[in-house]
Amino acid sequence: MHVLSSRILLRPADPERSRRFYGETLGLAVYREFGTGTERGTVYFLGGGFLELSGRATAPPSPELRLWLQVADVRAAHRELVERGADVLREPVVEPWGLVEMWLADPDGVRIVVVEVPEEHPLRYRP
Numbered sequence: 298m299h300v301l302s303s304r305i306l307l308r309p310a311d312p313e314r315s316r317r318f319y320g321e322t323l324g325l326a327v328y329r330e331f332g333t334g335t336e337r338g339t340v341y342f343l344g345g346g347f348l349e350l351s352g353r354a355t356a357p358p359s360p361e362l363r364l365w366l367q368v369a370d371v372r373a374a375h376r377e378l379v380e381r382g383a384d385v386l387r388e389p390v391v392e393p394w395g396l397v398e399m400w401l402a403d404p405d406g407v408r409i410v411v412v413e414v415p416e417e418h419p420l421r422y423r424p
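Under the numbering used here, the first residue of the sequence shown is numbered 298, with each subsequent residue one higher.
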């Protein structure tokens, strides 16, 4: 299988609230929009993939759902997100596995981990 593109699909309880969160609070750039009015779909750039908000949820998201977003500087991202009013669940900490992680939640409670991979971490090691 040769995957050309991928995206995560979220069905928010309140699409406008989620568009404000992902577009304004997180500051994700819009890739495309489709449809009209409050029920329109919005697709955001998400590093090497996309995040699509479309439709409307009739039930809460699975508590197992997580978004993993890698950034160059998690502490700078923390400052920026706090200024924008993000619901930060845990400030940046160095985990036992060496990544620097911060946790936040979107308006529907979807957990988002913002990760910095330090230069000396094995994920960056190139033999």
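For glycine and all other residues, C-beta sits at the position ideal for the given N, C-alpha and C.
Since we're looking at a predicted model, the values are computed, not measured.
Report yes if the CB atom of residue i is closer than 7 Å to the CB atom of residue j, and no otherwise.
i: Thr333; j: Arg316; result: no
i: Arg363; j: Pro389; result: no
i: Ala383; j: Thr322; result: yes
i: Val412; j: Leu401; result: no
i: Asp403; j: Phe331; result: no
i: His418; j: Gly395; result: yes
i: Arg387; j: Ala354; result: no
State the start and end residues of the unbroken alpha helix (DSSP H) segment that holds residue i.
i: Arg376; result: Val371 to Glu380
i: Arg314; result: Pro312 to Arg316
Could you round the C-beta distance between residue i and residue j to whole angstroms and report it? I think they count as a contact, below 8 Å.
i: Ala326; j: Phe342; result: 5 Å
i: Leu366; j: Pro312; result: Wrong, their Cβ atoms sit about 20 Å apart, outside the cutoff.
i: Asp370; j: Ala310; result: Not really, about 32 Å apart at Cβ, beyond 8 Å.
Between the C-alpha atoms of residue i and residue j, what's the straight-line distance to the nearest angstrom?
i: Val407; j: Tyr422; result: 31 Å
i: Gly352; j: Val397; result: 33 Å
Beta strand (DSSP E) containing residue i: first to last residue?
i: Pro389; result: Asp384 to Val391
i: Ala356; result: First-last for Ala356: undefined, no H or E at that position.
i: Thr339; result: Gly338 to Leu343
i: Val407; result: First-last for Val407: undefined, no H or E at that position.
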